[in-house]
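The sequence shown begins at 10 in the numbering used here and counts up by one. Each residue gets a CB set at the ideal place from its N, CA and C atoms; glycine is no exception. These numbers were taken from a predicted model, which means no experiment stands behind them.
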Amino acid sequence: MSVLRVGNASGFYGDRFDAMREMLTGGPLDVLTGDYLAELTMLILGRDRLKDPGAGYARTFLRQLEECLGLARERGVRIVTNAGGLNPAGLADAVRVLADRLGIPVRVAHVEGDDLTAAHPGALAAHAYLGGFGIAECLRAGADVVVTGRVTDAALVTGPAAAHFGWGPTEYDRLAGAVVAGHVLECGAQATGGNYSFFQDGDVRRPGFPLAELHADGTSVVTKHDGTGGFVDVGTVTAQLLYETHGARYAGPDVTARLDTVRLSQDGPDRVRVEGVRGEAPPPTLKVGLNRLGGFRNEVAFVLTGLDVEAKAALVRAQLEPVLGRVADVRWDLARTDRPDAATEETASALLRLVVRDADQQVVGRALSGAAVELALAGYPGFHVLAPPGKGAPYGVFDALHVPRNTVAHVAVRHDGRRVPVPDVQDTAVLRAVPEPPLPRPLPPGPVRRAPLGLVAGARSGDKGGDANVGVWVRTDDAWRWLAHELTAERFRELIPEARDLPVVRHPLPNLRALNFVVEGILGEGVAAQARFDPQAKALGEWLRARHLDIPEALL
Numbered sequence: 010m011s012v013l014r015v016g017n018a019s020g021f022y023g024d025r026f027d028a029m030r031e032m033l034t035g036g037p038l039d040v041l042t043g044d045y046l047a048e049l050t051m052l053i054l055g056r057d058r059l060k061d062p063g064a065g066y067a068r069t070f071l072r073q074l075e076e077c078l079g080l081a082r083e084r085g086v087r088i089v090t091n092a093g094g095l096n097p098a099g100l101a102d103a104v105r106v107l108a109d110r111l112g113i114p115v116r117v118a119h120v121e122g123d124d125l126t127a128a129h130p131g132a133l134a135a136h137a138y139l140g141g142f143g144i145a146e147c148l149r150a151g152a153d154v155v156v157t158g159r160v161t162d163a164a165l166v167t168g169p170a171a172a173h174f175g176w177g178p179t180e181y182d183r184l185a186g187a188v189v190a191g192h193v194l195e196c197g198a199q200a201t202g203g204n205y206s207f208f209q210d211g212d213v214r215r216p217g218f219p220l221a222e223l224h225a226d227g228t229s230v231v232t233k234h235d236g237t238g239g240f241v242d243v244g245t246v247t248a249q250l251l252y253e254t255h256g257a258r259y260a261g262p263d264v265t266a267r268l269d270t271v272r273l274s275q276d277g278p279d280r281v282r283v284e285g286v287r288g289e290a291p292p293p294t295l296k297v298g299l300n301r302l303g304g305f306r307n308e309v310a311f312v313l314t315g316l317d318v319e320a321k322a323a324l325v326r327a328q329l330e331p332v333l334g335r336v337a338d339v340r341w342d343l344a345r346t347d348r349p350d351a352a353t354e355e356t357a358s359a360l361l362r363l364v365v366r367d368a369d370q371q372v373v374g375r376a377l378s379g380a381a382v383e384l385a386l387a388g389y390p391g392f393h394v395l396a397p398p399g400k401g402a403p404y405g406v407f408d409a410l411h412v413p414r415n416t417v418a419h420v421a422v423r424h425d426g427r428r429v430p431v432p433d434v435q436d437t438a439v440l441r442a443v444p445e446p447p448l449p450r451p452l453p454p455g456p457v458r459r460a461p462l463g464l465v466a467g468a469r470s471g472d473k474g475g476d477a478n479v480g481v482w483v484r485t486d487d488a489w490r491w492l493a494h495e496l497t498a499e500r501f502r503e504l505i506p507e508a509r510d511l512p513v514v515r516h517p518l519p520n521l522r523a524l525n526f527v528v529e530g531i532l533g534e535g536v537a538a539q540a541r542f543d544p545q546a547k548a549l550g551e552w553l554r555a556r557h558l559d560i561p562e563a564l565l
């Protein structure tokens, strides 16, 4: 059958607004996807729904569609999006109202069944991650627009591929190939040079959005529209493949994709071929993302300038100790951004950051704010703060749990209103770790130089609940021979002191010349709790690249 061209126009709620128009006008497409959901987004939408029961979906998508629905109709491009969030039926109805107002005849379907909030008292939102076969059912029935709630990000691609090629639920290798393509596309411009360690390899001032040319056997080519910015090469695709993954088995509701089987090759300018992907039966459970309100938090950053920074920090802590005694969770962090004999006041200053959390808003709100402000004329010399402390804001907590598949009703609501239950898979396999693969021969001994890891390795990092992953890869076989033996879990802990007392699991991926590290618990209760300076671990990989170690001179 023909190649299926699937593009992406959104990697998160708040991504570039005009990307939808760019993708529809930039070149041929069959399906345009948009990923609007993340763990934090579900919390935001949950709070929206508290204020308005009719809310709970990504309103940006509607505004984009108002400009682009006619274009999609003219070009025969189907749109598949998880912008439905907590209310896919509500967004589907809103799309129909919009289409009627614009006079554009479109068939709108949606997928539901992911909402398990009623089964989890106290949760703001609890949603199972569904697969792509509900999307496939809607497309096979003729839908032009398919809206979903919480599906896996890759399902936005596996669904259209299954519908187009007629794949069944046991065609694991083909489905796994589509999962890998979907994982590459899901974060938009991260596949085309955005957030890329070697960003200076091309012009990434305004990277275009990616697309994948999918084939019936599950292979694909990742590319972008001609004339758009950024670039696509083996490195940009490798970086995205490692993003927010754990081990070699990448589990999903439709299939478990084996990331250790992926083979990448450059297939021309801005074209990377993805092949060799093997798939296995999916797990017997479905992941559920559970968001709840954890309490209230407040934050203040004290600026400490010039001499005696440590003593000034100690004075602030001592002065605030009486009021902080009532707070459940108190965290102080001193960032020594100051330099000796600095030429500017800013570079002569360090930052002392105080973060407090408690179930009682008053305890972390005005009581703390008042105590901090009262130090203005009674604190350390040069007292000031980056911004006045607030009254305390609610924060969220994300938990991941797993439920039996038969407790989740996956339903496709076709454009004609017919509700079609989506059959669950018949075969499952308990997820197990892949045995350690053989490593390459070490490099022969030779001269070394103390230098940053990033001179030879790229990295990309991200969050999964309270854990963080850091994918590290190199671009030559000799560099892989060195990295595979040098960057052990123990060495990782040495380079990242925050991880010294935490479980760190290393997953080698030789086909990608990559190592994936999972640091358990480094993000506390997740991004919404904002317990860490970089709460989503977005820059953890770049910190690792900046650390110095002994590197063979032959690689530099």
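CA-to-CA, the gap between Ser229 and Val188 works out to about 11 Å. Annotation: Gly94 to Gly530 spans about 27 Å, alpha carbon to alpha carbon. If you keep only unbroken beta strand (DSSP E) runs of at least 3 residues inside the segment 11-54, you get 13-17 and 40-43. Taking C-beta separations shorter than 7 Å and ignoring five residues to either side along the sequence, the partners of Ala359 in its chain run Leu313, Val318, Leu343, Ala344, Arg345, Thr346 and Asp347, following chain order. In the three-state reduction of the DSSP assignment, Gln370 falls in the helix class. In the DSSP annotation of this structure, the continuous segment of the alpha helix (DSSP H) that includes Trp552 starts and ends at Leu549 to Ala555.
Ranking Phe305, Trp489, Arg306 and Asp109 by CA distance to the CA of Pro519 puts Trp489 first. Annotated as distal: Ala327 and Pro292, with beta-carbon spacing of 7 Å or more. Within its own chain, the residues whose Cβ lies closer than 8 Å to the Cβ of Asn415, once the five positions on either side in sequence are excluded, are Asp433, listed in chain order. Gly475 counts as buried, since at least 16 other C-beta atoms from the protein chains shown sit within 10 angstroms of its C-beta.
For Arg272, the closest C-alpha among the options Ala152, Gly186 and Leu49 is that of Gly186.
Around the beta carbon of Asp61, fewer than 16 other beta carbons sit within 10 angstroms, so the residue counts as exposed. DSSP places Tyr181 in the helix class (H, G or I) of the three-state scheme. As the crow flies, the alpha-carbon of Val281 is around 13 Å from that of His234. Counting the other Cβ atoms within 10 Å of the Cβ of Pro262 gives 16 or more, which makes it buried.
According to DSSP, residue pairing for Ala118 in a beta bridge involves Val155. Cα atoms of Asp226 and Arg258: separation of roughly 20 Å, rounded to the nearest angstrom. The segment 30-38 makes contact with the segment 233-250: 3 or more CB pairs, one atom from each, lie closer than 8 Å.
Secondary structure of Lys400 (DSSP, three-state): coil. DSSP places Arg490 in the uninterrupted alpha helix (DSSP H) bounded by Asp486 to Glu495. Between Val527 and Asn478, the gap from beta carbon to beta carbon is short of 7 Å. In this structure, the beta-carbon distance from Ala221 to Ala190 falls below 7 Å. When DSSP reads this structure, Gly426 sits in no beta bridge, so it has no partner. By the neighbour-count criterion, in which a residue is buried when 16 or more other Cβ atoms sit within 10 angstroms of its Cβ, Ser274 is exposed. According to the DSSP secondary-structure assignment, Trp176 is paired through a beta bridge with no residue. Burial of Lys473 is indicated by the presence of at least 16 other C-beta atoms within 10 angstroms of its C-beta.
Shown here, Ser378 sits in a helix according to DSSP, grouped into three states. Apart from the 5 residues on each side of it in sequence, Val246 sits with its Cβ closer than 8 Å to the Cβ of Val193, Ala200, Val231, Leu273, Val281 and Val283 in its chain, given in chain order.
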